[in-house]
Amino acid sequence: MTGRLHPGLIAFAVAVYIFLMGPLVIVIGASLSDTTYLTFPPQGLTLRWFERIFEMSAFRRTMITSFQMATLSTLLALLIGIPAAYALNRFRIALPSWLSTLFVLPVLVPEIVLGFSLLRSVQVGAGVPVFWALLIGHTLIVLPYAVRVVSAALASFDFSIEEAAISLGSPPVKTFFTIVLPNVQAGVIAAFILAFITSINDVSVSLFLTGPGISTLPIQILAHVEQFFDPVVASVSVLLMVLTVAVMAVVERTLGLTFLAK
Amino acid sequence: MKRLAGWTMSAPATLLVALCLIVPVTATIAATFVTGQGPFAAYAAFFGSGFRRAVLIRTLEIAGATTILSLLIGFLTAYVVSRAPPRWRSILIIMAVFPLLTGVVVRSFAWLIILGRNGIVNNTLVGLGITAEPLPMIYTQGSVIVAMVYLFVPLMVLTLVGVLENIPDDVIQAAQSLGAGPFATFREVIFPLAVPGLIVGAVLVFTGSFTSYATPQLLGGERQMVMGTLLHQRAMVAFDWPGAATISAIMVAVTLAVVLGMTRVAKRLNPMAT
Amino acid sequence: MTAALTLDGLTAHYGTTKVLDDLSLDVEAGELVSLLGASGCGKTTTLRLIAGFLAPTAGRIALGGTDLTRLPAHKRNIGLVFQNYALFPHLSVRENVAFGLKQRGMGGAERRAKADEMLARVGLQDLAARLPGELSGGQRQRVALARALVIEPPLLMFDEPLSNLDAKLRVDMRVEIRQLQRQNGTTSVFVTHDQEEAFSISDRVAIMDAGRIRQLDTPEVLYQRPANAFVARFVGFENLIPLRVAARDGAAVTAEGAGGATVTLDQDVLGPIPDRFVLATRPDGLRIAEDGIPATLGLRTYLGRSYQYRAETPAGAYVASGPLSAPRDMGDRVHLAPWAEQCCILPDEAAA
């Protein structure tokens, strides 16, 4: 759909994109400021706030926890989500229709309510340790990505290919790994990335489930901002943006950036 | 046989959702009806408190304003993106994806730098001599709305670009061949066909902003408390779990009502579905 | 209302690829001309240029003497029927038909009456309140037709309008389109890749290839007397046999080809024969005979009214036919002779 656009509309869109990009540029600028308070434009340029991050054990620890959570919850969600997505597509007629709705529920229930409920029932009620309760929470919020994105990939997979492989003597489980999985690879990669990013950035669920000694990076950022107004948080934010760029680069390499355009 | 295989493969995920989502959330909601002073005492207390009523109303206002602004900005931008030349379109889409993948905390925090005492806006105002003292801009309802709009515009743009690109070229060309100019084509064909998508986008933004925590916490603080921050304050600061449960139940009710109500409207309005 | 369409030296590019090469075409007022060709031949590009969805890199489009070349699509007043119908999914059948009238500023009541009248003409008066999604393919195509006709355009264009319909409906619809077009006397351009469709519906057909018109003529002439090898192959002359004249005796011409092939042809039937030429025949026009072109038979297929054979000759592989009464076997050495009614004479393009 191309054609002439009103110059006023184009100007408006340019303004919107400045609005979208500007604040991120400002964060980068603020992270370089040689002042003890946050300001933009930066006054003097320094990288010392980046060094400060790694000197502060709270940031070091929460970064590690966040990476652990994102990696483990994503792998766990894929481990249980891929078979579920496969079953939903392969045996659709034999399964009730509400089953697919079930896996969307974590999106439908407000995350903050989920966090509070997990605190009540799982962490306090069932006595599950902080780390594991946090992992359960993260797995729940990333599960919809695993199921839905892989499902979408499977929806365009022709299952007669799988039957062809089985008819040629390949055992079903082996067929799944050698025939089905390679054909929905793009979906699995996309699901992995979306799930990982969602977990890394989560606030609302982690808010209730972090406990003494175990916290995640976004929660630590919130806590730090409440007490200090120094550029450290801007530096951490820049690191998180670098992570986003890295993720987009991975997408570029594996799926092509046009994948994001869908 | 197929049924058994299907259930077996989906069992782990089903169990996780059932045990760790449905059971705990249901328990939270059920707890609000078991208070010892009758089934609706918790709700009577909530709506009886002027402060909590004000929080609910403020949250609805912020969510409503965010939704309307995001719809307007998002739709016009998405229209430009969808009609841009292919190379530009990919760049513009990637530029919308980038903030979306950058976390809520980072993006809300950016507005602290912009609107804060030593922020860029105040520095400019004082520098130009427009005001003598920095203006208090954070901890206002406006600052929360601005940051929320900032948060949700990329989501809206991406949702609506998809919707607009799904409108077949030949339908638009048919309108042109029948004498409809660019404005008439937009008003009579493109906009009506985008309405279901606008509703989906509105639902995403409304529920997202209604249940948000980080943005109102950073930019609204205690002065602009909303449902999310109130829930956290009740549960983690005041240790008033029954109160927090009631807030949870109201949030679930509003979210479900909006999602179910609007998807029904969207379905009825969607001629492509039939 | 009707007008003549003139295309003059149209050239179009997609990026750097030339998709239309100096194309000129005159469609007379009230005439139906088909653009026929395989996908990528430029027929749809031509239609999009006329409609104004694409700008030519060179050339000129005129309708009834008015230059359209620089006019935006919505001001061209051309009725268009799309391959996928392109109905507005959110508008009722009646609103779809009335859409063009609304753009022309016609009032609500009058618009409705005209739309209903046009729907009655295509037999859909009872479905006026339905949404397009509730209609069958044939019904949708009728709505699309009514929508294009109701604005009484001086030019109607059809872009493969029947390709999404099943075979039976396709034949019915093309008769219906032709009847409506005749009644209104609207100048029409019909784009299709289906030869039977083009030939059955058109006054004239332009056979296109690689962005050019290879031949523009009535279906009868195209079918019997193609002007070049491309068109000949397109209309089913599968065998192209290069020959040269050895002897002339009044109307009778004896010609020789590779490997001792000798055939006798009648200029009274085939028209004047140049000294070097290509004899084009349909499979039915090359028959097993006592003498002619020596050949070795290959695979035999049964076609109901005759047998068809692959045949190897010194000049190349051809498709020939033989009577059911005398089936031949693979490997038989025979002669093939042309049967004039299924043959035509083409200029020798290699020599030219």
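Chains as they are written, first to last, in the working numbering: chain A, 68 to 329; chain B, 1055 to 1328; chain C, 8 to 359.
Quick reminder that beta carbons are idealized off the backbone N, C-alpha and C, glycines included.
Fair warning: this is a prediction, and the values are worked out from it, not measured in the lab.
Original post:
If we ignore side chains and look at the alpha-carbon of each, how far apart do G414 (chain C) and V1243 (chain B) end up?
Top reply: With chain C running from 8 to 359 in the structure shown, residue 414 (chain C) is simply not present.
**OP:** Helix, strand or coil for S237 (chain A), going by three-state DSSP, please let me know.
**Re:** S237 (chain A) falls in the coil class under three-state DSSP.
Subject >> Expected contact under 8 Å - CB spacing of T1204 (chain B) and F86 (chain A) to nearest Å >> reply: Here residue 1204 (chain B) turns out to be Tyr, not Thr, going by the sequence shown. Between F86 (chain A) and Y1204 (chain B) the Cβ distance is about 7 Å, and since that is below 8 Å, they are a contact.
**OP:** Taking 8 Å as the threshold, find out whether the stretch 1286-1294 of chain B comes into contact with the stretch 1230-1242 of chain B through three or more Cβ pairs.
**Re:** Segment contact: the stretch 1286-1294 of chain B against the stretch 1230-1242 of chain B, fewer than three CB-CB distances shorter than 8 Å; contact not assigned.
Original post:
Using a Cβ-Cβ cut-off of 7 Å (strictly less than) and excluding sequence neighbours within five positions of A1327 (chain B), which residues of its own chain qualify?
Top reply: Residue placement at A1327 (chain B) is poorly supported in this model, since its pLDDT is 44, which falls under 50; the coordinates still yield a value, given next. Residues of the same chain with a CB within less than 7 Å of the CB of A1327 (chain B), apart from the 5 flanking positions on each side, are K1321 in chain order.
Original post:
Got a sec: which bits of the stretch 1295-1317 of chain B sit with their beta carbon under 9 Å from any beta carbon on chain C, in order along the chain?
Top reply: Only those residues of the stretch 1295-1317 of chain B whose C-beta falls short of 9 Å from the nearest C-beta of chain C would be listed, and there are none.
**OP:** Just confirm the distance between the C-beta atoms of F275 (chain A) and F198 (chain A), as a whole number of angstroms; I'd bet it's less than 8 Å.
**Re:** Actually they do not touch by this definition, with Cβ atoms about 14 Å apart.
Original post:
Between C:A217, C:S332, C:G218 and C:A213, which lies nearest to V228 (chain C) when the distance is taken from Cα to Cα?
Top reply: Checking every option, the nearest Cα to that of V228 (chain C) belongs to C:A213.
Original post:
If you drop the 5 nearest sequence neighbours on each side, which residues of the same chain put their C-beta closer than 7 Å to that of T1113 (chain B)?
Top reply: Excluding residues within five positions, the ones whose Cβ falls inside 7 Å are F1264, V1280 and M1281.
**OP:** Along the alpha helix (DSSP H) that carries E118 (chain A), what are the first and last residues, could you check?
**Re:** Counting along the chain, the alpha helix (DSSP H) containing E118 (chain A) begins and ends at R115 to E122.
**OP:** Tell whether a beta-carbon distance below 8 Å holds between M337 (chain C) and L310 (chain C).
**Re:** No. Outside cutoff.
Original post:
What is the DSSP secondary structure of N246 (chain C), counted as helix, strand or coil?
Top reply: Three-state DSSP puts N246 (chain C) in a strand.
Subject >> Short Cβ contact (8 Å threshold) for L155 (chain A) with S167 (chain A) >> reply: It is a contact, given that the beta carbons lie within the stated cut-off.
Original post:
Given a limit of 8 Å on CB to CB distance, which residues of the stretch 1214-1229 of chain B reach chain C?
Top reply: The stretch 1214-1229 of chain B vs chain C, Cβ under 8 Å: P1222, D1224, V1225, Q1227, A1228 and A1229.
**OP:** For Y21 (chain C), name the three-state secondary structure that DSSP assigns.
**Re:** It is a strand residue.
**OP:** Spell out a yes or no on whether the stretch 1303-1313 of chain B and the stretch 1071-1087 of chain B are touching, meaning 3 or more CB-CB pairs, one atom from each, closer than 8 Å.
**Re:** The answer is yes - the stretch 1071-1087 of chain B touches the stretch 1303-1313 of chain B, with three or more Cβ pairs under 8 Å.
**OP:** Take the Cβ of A328 (chain A) as the centre, count every other Cβ of all protein chains shown within 10 Å, and call the residue buried at 16 or more, exposed below.
**Re:** Here A328 (chain A) scores only 49 on pLDDT, less than 50, and its place in the model should not be relied on; the value that follows carries that caveat. Its Cβ being crowded by 16 or more others within 10 Å, A328 (chain A) is buried.
Original post:
If you check the beta carbons only, do V398 (chain C) and T51 (chain C) fall under 8 Å apart?
Top reply: Any answer about residue 398 (chain C) is impossible in this case: the structure gives chain C only from 8 up to 359.
**OP:** Step through the CB atoms of chain A and report whether any lies within less than 8 Å of the CB of V1207 (chain B).
**Re:** True, the Cβ-Cβ gap to chain A drops below 8 Å.
Original post:
Would a C-beta distance cut-off of 8 Å place V276 (chain C) and A347 (chain C) closer than the cut-off?
Top reply: Cβ atoms of V276 (chain C) and A347 (chain C): closer than 8 Å.
Original post:
Would the beta-carbon of L1209 (chain B) fall within 8 Å of that of L1285 (chain B)?
Top reply: No; because the gap between Cβ atoms is not below 8 Å, this pair is not in contact.
Original post:
If we call anything under 8 Å between Cβ atoms a contact, is R101 (chain C) one with D123 (chain C)?
Top reply: Result yes, Cβ atoms of R101 (chain C) and D123 (chain C) sit closer than 8 Å.
Original post:
Under the rule that 16 or more other beta-carbon atoms within 10 Å means buried, what is H73 (chain A), buried or exposed?
Top reply: Exposed.
Subject >> Candidates C:E117, C:K121, C:N235 and C:F89, of which the one nearest D1223 (chain B) by Cα >> reply: Cα-wise, what sits closest to D1223 (chain B) is C:F89.
Original post:
Start and end of the beta strand (DSSP E) containing F284 (chain C)?
Top reply: Element bounds for F284 (chain C): R283 to T288.
**OP:** Would you identify the three-state DSSP class for T69 (chain A), choosing helix, strand or coil?
**Re:** With a pLDDT of 42 at T69 (chain A), under the threshold of 50, the predicted position of this residue should be treated as unreliable, and no value is reported.
**OP:** Excluding the 5 residues preceding and the 5 following N425 (chain C) in the sequence, name in chain order all residues of the same chain whose CB lies nearer than 8 Å to its CB.
**Re:** With chain C running from 8 to 359 in the structure shown, residue 425 (chain C) is simply not present.
**OP:** Please state whether DSSP places Y1097 (chain B) in a helix, a strand or coil.
**Re:** Looking at Y1097 (chain B) - three-state DSSP - the assignment turns out to be helix.
**OP:** Please confirm if the stretch 1123-1137 of chain B is in contact with the stretch 1174-1185 of chain B, defined as three or more CB-CB distances below 8 Å between the two stretches.
**Re:** Output reads no: the stretch 1174-1185 of chain B does not touch the stretch 1123-1137 of chain B.
Subject >> Three-state secondary structure (DSSP) of H291 (chain A) >> reply: Looking at H291 (chain A) - three-state DSSP - the assignment turns out to be helix.
Original post:
Going along the chain, which residues of its own chain have a beta-carbon closer than 7 Å to the beta-carbon of V1200 (chain B), five neighbours each way excluded?
Top reply: Within the same chain, V1200 (chain B) has close Cβ partners W1165.
Subject >> CA nearest to the CA of P1246 (chain B), picked from B:L1258, B:Y1097, B:V1225 and B:T1086 >> reply: In terms of Cα proximity to P1246 (chain B), the closest of B:L1258, B:Y1097, B:V1225 and B:T1086 is B:V1225.
**OP:** Below 8 Å between beta carbons is the criterion; list the residues of the stretch 1150-1161 of chain B that meet it against any residue of chain F, in chain order.
**Re:** In the structure shown, chain F cannot be found, because the protein chains are A, B and C.
**OP:** Mind checking the stretch 233-264 of chain A against chain B and listing, in chain order, the residues whose C-beta falls within less than 7 Å of any C-beta there?
**Re:** Within the stretch 233-264 of chain A, the residues whose Cβ lies closer than 7 Å to some Cβ of chain B are I264, listed in chain order.
**OP:** Whole angstroms is fine: what's the gap from E204 (chain C)'s alpha carbon to R232 (chain C)'s?
**Re:** If you take the alpha carbons of E204 (chain C) and R232 (chain C), they lie about 19 Å apart.
**OP:** Could you name the residues of the same chain whose beta carbon sits closer than 8 Å to that of S1064 (chain B), not counting the 5 residues immediately before and after it, in chain order?
**Re:** Excluding residues within five positions, none has a Cβ falling inside 8 Å.
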